[in-house]
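Trainee: Quick one: this structure, given as structure tokens, is what I'll be asking you about.
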Amino acid sequence: MRQSDLGLTMLGELDLDPAVSGVSVLMTNGQRWLRAYGLTGHPNLLAALLAPLMLYLLSDARRVAGWQRWTLLGVVGLGGAALIATASRAAWLAFGLGLALWLASLWSERRWPAVNATPASAKSRKSRRSAVAAVVVVGGLALLFLAVYGPLLVTRFIDLDTSIEARSIFERERDWGIAVQLIGQHPITGVGMGGYLLAARTVDQAARLVHNVPLLVTAELGLLAGLLWLWLTAAPFAAAIRLGKRGWQRLTSGLAPWVAVITMGLFHGLPWINTGWRAAILMALILGILANEISG
């Protein structure tokens, strides 16, 4: 099977060859398999964008009908296949947790309808049908993809003794240690916004961006910024708690993607506002949705 890029360099696609060192691949039975990059610089970045956006589109599909709903569900289904093809375990977990919250919202709406809602209304029944359709479409396309590539993807969980996995684990542990060291050296001011890599490479020339957003924020901007990150992370959940069991569901279209973003950030240095323009736009979009839902 031929594995390569699609030749879309004018749109920002990288030149991809699984045989070239540095290209992100899966290794199984001595063969290198290219992970999905899309038009991004790394499969993990593509996955970090897909997971929260798919969750938002699932919520959006509940608010529309007819061809618009099925178009959105089709996009979500294709996004699910793309998410699997990135082979990003953190993104799979992030999407799973966000989807669990989304489904919990549906269950909660049915069990504890809002005070001004009519439980048996046509709108609520249509919303539930949309949810069922969404799960069927996403699950169906995902199962189809897994039927073809499942054995390969399973290696992300069972073949953990390959050279690629060993290097990945070593690099993550090394970079976590470097980040902690930089925080200890610059606890108040940090090393400066966007200055992490330069500072980290004075410790180890091979250092990369730390795979943890809280550590990245604290290392660059200091302990106070780390606390502000915790506040920003927790604020939407605090708002949901204040709304109570009959009101928190209206935050779902922003809260489910936010769960995915936070989960990804615990395992990667993205998405964050200074890890690329795509990640910055994604953060602004989700926070804007949450602010609108909370104020509404």
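My numbering numbers the first residue of the sequence shown as 420 and each following residue consecutively. Positions of the beta carbon are idealized from the N, C-alpha and C atoms, including for glycine.
Which residues mark the beginning and the end of the beta strand (DSSP E) in which W604 is found?
Mentor: The amino acid at residue 604 is misidentified as Trp; the sequence shows Gln. Segment 582-604 is the alpha helix (DSSP H) holding Q604; no beta strand (DSSP E) there.
Trainee: Taking DSSP as the reference, what is the three-state secondary structure of V622?
Mentor: V622: helix per DSSP, three-state reduction.
Trainee: Judging by CA-CA distance, which residue of V629, T608, V678, W677 is the nearest neighbour of I597?
Mentor: For I597, the nearest C-alpha among the options comes from V629.
Trainee: Using beta-carbon positions only, say whether A626 and L616 come within less than 8 Å of one another.
Mentor: Contact: yes.
Trainee: Cα separation between G498 and G663?
Mentor: Straight-line Cα distance between these residues: approximately 32 Å.
Trainee: On the CB-based measure, 16 or more other CB atoms within 10 Å of its CB, does S582 come out buried or exposed?
Mentor: Result: exposed.
Trainee: Measure the C-alpha to C-alpha separation of W680 and W650 and round it to an integer number of angstroms.
Mentor: Rather than Trp, the amino acid found at residue 680 in this sequence is Val. Looking at the two C-alpha atoms, the distance is approximately 15 Å.
Trainee: In the DSSP assignment, the alpha helix (DSSP H) including R508 goes from what residue to what residue?
Mentor: Unbroken alpha helix (DSSP H) run through R508: 508-530.
Trainee: Pick helix, strand or coil for L427, following the three-state DSSP scheme.
Mentor: Of the three classes helix, strand and coil, the one that applies to L427 here is coil, per DSSP.
Trainee: Cβ atoms of S527 and A675: under 8 Å apart, would you say?
Mentor: No, these two residues do not count as a Cβ contact at 8 Å.
Trainee: Beta-carbon within less than 6 Å of L520's beta-carbon, same chain only, minus the 5 sequence neighbours each way: which residues are those?
Mentor: Once the five neighbours on either side are set aside, the close Cβ partners of L520 are A675, V678.
Trainee: Which whole-angstrom value is the C-beta distance of I705 and G673, which I expect to be below 8 Å?
Mentor: With 8 Å as the limit, I705 and G673 qualify as a contact, their Cβ atoms being about 6 Å apart.
Trainee: From this set, A501, W489, G517, R488, which residue's C-alpha is nearest P462's C-alpha?
Mentor: Out of A501, W489, G517, R488, A501 has the C-alpha closest to the C-alpha of P462.
Trainee: Buried or exposed: E712, going by 16 or more other Cβ atoms within 10 Å of its Cβ?
Mentor: The residue in question, E712, is buried, as its Cβ has 16 or more Cβ neighbours within 10 Å.
Trainee: Between the Cα of D434 and the Cα atoms of M446, Q450, A455, L445, which residue gives the shortest distance?
Mentor: With distances taken between Cα atoms, D434 lies closest to A455.
Trainee: Assuming T652 and I602 form a contact by the criterion Cβ under 8 Å, report the distance between their Cβ atoms to the nearest whole angstrom.
Mentor: Contact flag wrong, Cβ pair sits at about 18 Å.
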